Amino acid sequence: MLFERWMDKMWQKPPRIVFTDGMDARVLKIARRLADTGLARPMIIGNQFEIRAYAEEQKIRMNGVALRKALHHPAFDVYCRAYKKQYAPQQKISEIRALLQQPALFAGQMLLHGDADLCFLSRAQFNEFLPQFSRWFSDQSGILSSFALIWNEKLNRLLTFSDPLFYPRPTAEQLAEIAVTTARNFEKLSGERARVALLSFSTMGSASHPMAQVVQQAVELIRQKEPHLKVEGEMQFDAAFVPEIGRKKAPGNRLDGAANVYVFPSLNAANIGLKIVQALTPYRTVGPIVQGLSHALQVFDEQRCEESLFHQVIVASNLLNP
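Reading the sequence shown from the start, the letters are residues 0 to 321 in numbering that gives the first Met the number 0.
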């Protein structure tokens, strides 16, 4: 099974995972599980006295889980000096010290300096400090997006749904970059070749509309950039998901079967599609998995249960470079 395989990989080289919301019982329980199983080396950044008191209240053992206040971390002054030199030479060091005492920002600096492999923030922290993270972790494309992993164990079927995240209506260039990044991550996780469908309300020109044309343009950009990637579009979901329908609606399409990477044309469509899967189908979902950053910064959704977030940690850990 996939998760057993992914856990085996973590056991071979347990990642250093930093959490920044120690007042969330789900985070404490996940850190506890990671330490107990040896899957990772967890650390929680925050006030260790408050976290321990909360853990005792929740009856969660914290032995084996590192708790560290940013100010007391041995690298704190190193990070502050490096931050001043690279990002804020005119800023007072006292102001930088106050800034980096924020658990989320300090954890980001741990990633930048190679002292952590993976970091999980709360949704509120991610949104609050996104300007800093975008500056620190911008990669060449700069297209910040996410995907959800969707699987059915009985059918042995694994899919990904892309989400433009902060681009409600992506341009053709943005959509193409999101599709390529999602395909690469799917292949890294599954070991299978990606078959990418860019979704729309029409299939292969069955309707003429500027929104469908954006998807068509994105497909052409992908084919120019990644000629070996199996990609098709624009396609309606049923044509991409059911090969028989795909052959009728889009004869000769390049998917060679059902798609396993589904790229939604807008934030609106992506959110609706994922919620329908969660509510009406036997498929299980994990995510969001943030992508498009140079370092492994992830976010916990406040609506997700502990088990789902634990799976998210496993998935994100398996996207780390070997």
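All residues carry an ideal CB built from backbone N, CA and C; glycine is no exception. All values reported here derive from a predicted model rather than from experimental measurement.
Selected residue, minimal CA-CA separation from residue i, among the options
{"i": "H72", "options": "Q57, L129, Q47 and A178", "result": "Q47"}
{"i": "Q124", "options": "L117, D114 and A103", "result": "A103"}
{"i": "L238", "options": "I288, N252, R96 and R156", "result": "Looking at the sequence itself, residue 238 is Ala, so the reference to Leu does not match. Per the Cα distances, N252."}
{"i": "Q235", "options": "S205, F200, A211 and G63", "result": "F200"}
{"i": "A39", "options": "K12, A295 and F240", "result": "K12"}
{"i": "S316", "options": "R183, C79, R168 and Q297", "result": "Q297"}
{"i": "S93", "options": "F105, R80 and P41", "result": "R80"}
{"i": "R134", "options": "E172, A175, D162 and G291", "result": "G291"}
{"i": "I16", "options": "L1, M22, E3 and G37", "result": "G37"}
{"i": "K28", "options": "I288, D7, A54 and R222", "result": "A54"}
{"i": "Q216", "options": "A178, A115, A182 and S161", "result": "A178"}
Distance, residue j Cα to residue i Cα
{"i": "A196", "j": "K91", "result": "50 angstroms"}
{"i": "G245", "j": "Y261", "result": "14 angstroms"}
{"i": "Q100", "j": "F128", "result": "13 angstroms"}
{"i": "V213", "j": "S189", "result": "29 angstroms"}
{"i": "P14", "j": "I43", "result": "14 angstroms"}
{"i": "R322", "j": "K68", "result": "Lying outside 0 to 321, the shown extent of the chain, residue 322 is not represented and no answer is given."}
{"i": "T284", "j": "K84", "result": "42 angstroms"}
{"i": "A106", "j": "F185", "result": "27 angstroms"}
{"i": "K323", "j": "P281", "result": "Shown here, the chain extends from 0 to 321; a query on residue 323 therefore has no answer."}
{"i": "Q277", "j": "R32", "result": "25 angstroms"}
{"i": "A295", "j": "G256", "result": "32 angstroms"}
{"i": "V314", "j": "W5", "result": "7 angstroms"}
{"i": "R194", "j": "E233", "result": "13 angstroms"}
Assigned exposure category for residue i - 16 Cβ within 10 Å defines buried
{"i": "H112", "result": "exposed"}
{"i": "T180", "result": "buried"}
{"i": "S207", "result": "exposed"}
{"i": "V230", "result": "buried"}
{"i": "L279", "result": "exposed"}
{"i": "W150", "result": "buried"}
{"i": "L70", "result": "exposed"}
{"i": "G259", "result": "In the sequence under discussion, the amino acid at residue 259 is Asn, which differs from the Gly named in the question. Buried, since its Cβ has 16 or more Cβ neighbours within 10 Å."}
{"i": "M203", "result": "buried"}
{"i": "D23", "result": "buried"}
{"i": "E35", "result": "The sequence given here has Asp at residue 35, not Glu. So D35 ends up on the exposed side."}
{"i": "M0", "result": "exposed"}
{"i": "R192", "result": "exposed"}
Residues that DSSP places opposite residue i in a beta bridge
{"i": "F18", "result": "I43 and F119"}
{"i": "D23", "result": "In DSSP, D23 forms no bridge with anything."}
{"i": "V376", "result": "Beyond the ends of the chain as shown, which are 0 and 321, falls residue 376; an answer cannot be given."}
{"i": "K91", "result": "For K91, which the question treats as bridged, DSSP gives no partner whatsoever."}
**Request:** Kindly provide the ranges of any beta strand (DSSP E) runs that are 3 or more residues long and lie completely inside the segment 242-294, ordered along the chain.
**Result:** Entirely contained in the segment 242-294, the beta strand (DSSP E) runs reaching 3 residues are, in chain order, 260-262 and 283-290.
**Message:** What ranges does the beta strand (DSSP E) occupy inside the segment 166-223, keeping only unbroken runs of at least 3 residues that lie completely in it?
**Reply:** Listed in chain order, the complete beta strand (DSSP E) runs (minimum 3 residues) inside the segment 166-223 are 194-198.
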